[in-house]
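Chains as they are written, first to last, in this note's numbering: chain Z, 13 to 283; chain W, 176 to 447.
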Ligand SMILES: Nc1ncnc2c1ncn2[C@@H]1O[C@H](COP(=O)(O)OP(=O)(O)OP(=O)(O)O)[C@@H](O)[C@H]1O
Ligand SMILES: [Mg+2]
């Protein structure tokens, strides 16, 4: 996924295909699961890599019953959300500063340009060296991932403001504070929300990645463990939960978007 | 289209004082970009009096919008100055500006757009809402008060921009082709509203239009500009009695309109 500022047209900012709980969505999945179940139960497929959906469901049930799902899910969710909060929070603040200050841009642009293309996970070993193996290095890794998309899109949002809006506001007598609150902030909101969406995605991916390589807790760690112990039904069950996290996160971001930029959502609804 | 009588109370068009509002002195504007330099304006000088209704016409690209931006203090001319007189100097850069396009804020509902200037001035919420609603009614958008601009047509958005400019108490209205996207009937209505506000509130209006009939119908004077680089070809007074009635003053109105047309024709030799 690219962190680069997306299209400025608010109507198309929601580019990802959202899950709709339609009859079609449920129907297609029910059909696939039913077919798989029959395939495995009838003995046609003896593949080790293809457990029966019922076995996966049972595995999921056991995880819920023994409480391991709840504990690890909570850990993963808190890592995603905390990382998103720190990373995107810093990103939006620095982005607004860079967007409005040319000197700052001139100093920081080369840094951003050089660091941003490095895959986020590549920093994880370094972060462990600096911050230790504890929770801090994980939070830092996730935050770092969430930071860049938010930063880049916020800068682009501020820079891409329609100058006419700024001029009109100035002409109506807006002071610096009013200009920021009533014009610059809402004017760059569409791209900031695109940034938030991308940041949330990266935070999610980074968290799972970090948990797989450097954690004993969380959904990523569970996933890794189930491969190491060769519990295939377990592995599938965890993938289902991870998919659910992704859907939940996307729903949360859509809700935030709706609340903070209603004019934008209206545009995309009719589109 | 030759407009006919405009509704309105003759008493509202009382004699006006002749104090200067501002003067443009030798304004030139050159844009230098990567694709070379463009001379947009050369040596434009104008005097605009308090409560005067000045119309500017001229071919597309001759620098009308640029001149308006310079008057609005959004842009510094390459040479020349805009001098605001007396009390008006304090309001420099604070006018009721109607830009040619995309002037309304997409993130605000219609009523919030109109109330924007009032909000900046710290007018209490209830009062500014009430005042904004009054002006939304004047521009015929009452039922769209809570719609966002993207839910309005281009002409409706234009009217919204006009309402936003009118609601404030700015003594100077700068309007860049504000009625460009309106049908004849709505245009007539908006012309009436504008004239009503202009006469009642003693404002100065600088009004850019492509429509020569409209310029003669509305303006105390019509400034005719040449093709790019724009300069003032003629400054034509419109001595028609107000409220204007093109049927009553058919011959005189036609004469003025023909004068403007002749100035704008490319082969024109009639440069006074
Ligand atoms: N920011 C700018 N940079 C470079 N050139 C510009 C800029 N703004 C305007 N121009 C040039 O200045 C000239 C005058 O532009 P302006 O917008 O003032 O014309 P106009 O008379 O308002 O035209 P129209 O009637 O089509 O609106 C044009 O040739 C245009 O290309
Ligand atoms: Mg123009």
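Where a beta carbon is used, it is the ideal one built from N, C-alpha and C, also for glycine.
The region 225–243 of chain Z makes no contact with the region 42–52 of chain Z; the number of CB pairs closer than 8 Å stays below 3. The shortest CA-to-CA distance from residue 425 (chain W) to any of W:201, W:392, W:343 and W:358 is the one to W:392. Per DSSP, residue 388 (chain W) is one residue of the alpha helix (DSSP H) stretching across 387–393. Not a single CB atom of chain W sits nearer than 8 Å to the CB of residue 165 (chain Z). Contact fails between the region 195–205 of chain W and the region 351–367 of chain W, because fewer than three Cβ pairs, one in each stretch, are under 8 Å apart. Pairing residue 75 (chain Z) with residue 81 (chain Z), the inter-Cα distance amounts to about 5 Å. Not one heavy atom of ligand 1 is found less than 7 Å from the C-beta of residue 217 (chain W). With respect to residue 270 (chain W), residue 349 (chain W) sits close: the two C-beta atoms are nearer than 8 Å. A Cβ-Cβ separation of about 19 Å leaves residue 263 (chain Z) out of contact with residue 204 (chain Z) under the 8 Å criterion. The alpha carbon of residue 95 (chain Z) has as its nearest neighbour, out of Z:238, Z:219, Z:226 and Z:243, the alpha carbon of Z:219. In this structure, residue 397 (chain W) keeps its C-beta atom at 8 Å or more from the C-beta atom of residue 237 (chain W). In the three-state DSSP reduction, residue 204 (chain W) falls in the strand class (E or B).
Going by beta carbons, residue 431 (chain W) and residue 232 (chain W) fall outside the 8 Å limit. Within the region 140–177 of chain Z, the alpha helix (DSSP H) runs of at least 4 residues that lie entirely inside it are, in chain order, 147–171.
In this structure, ligand 1 has no non-hydrogen atom nearer than 7 Å to the beta-carbon of residue 254 (chain W). Taking 4 residues as the minimum length, the alpha helix (DSSP H) runs contained wholly in the region 287–359 of chain W are 300–313 and 329–342, in order along the chain. Counting along the chain, the unbroken alpha helix (DSSP H) around residue 223 (chain Z) starts and ends at 197–226. Annotation for residue 401 (chain W) indicates a beta carbon at 7 Å or more from all heavy atoms of ligand 1. Put simply, the backbone Cα of residue 301 (chain W) is about 44 Å away from that of residue 410 (chain W). Within the same chain, Cβ atoms closer than 8 Å to the Cβ of residue 218 (chain W) are found at 201, 202, 203, 255 and 406, the five residues on either side in sequence being excluded. For residue 98 (chain Z), the enclosing alpha helix (DSSP H) covers residues 80–112.
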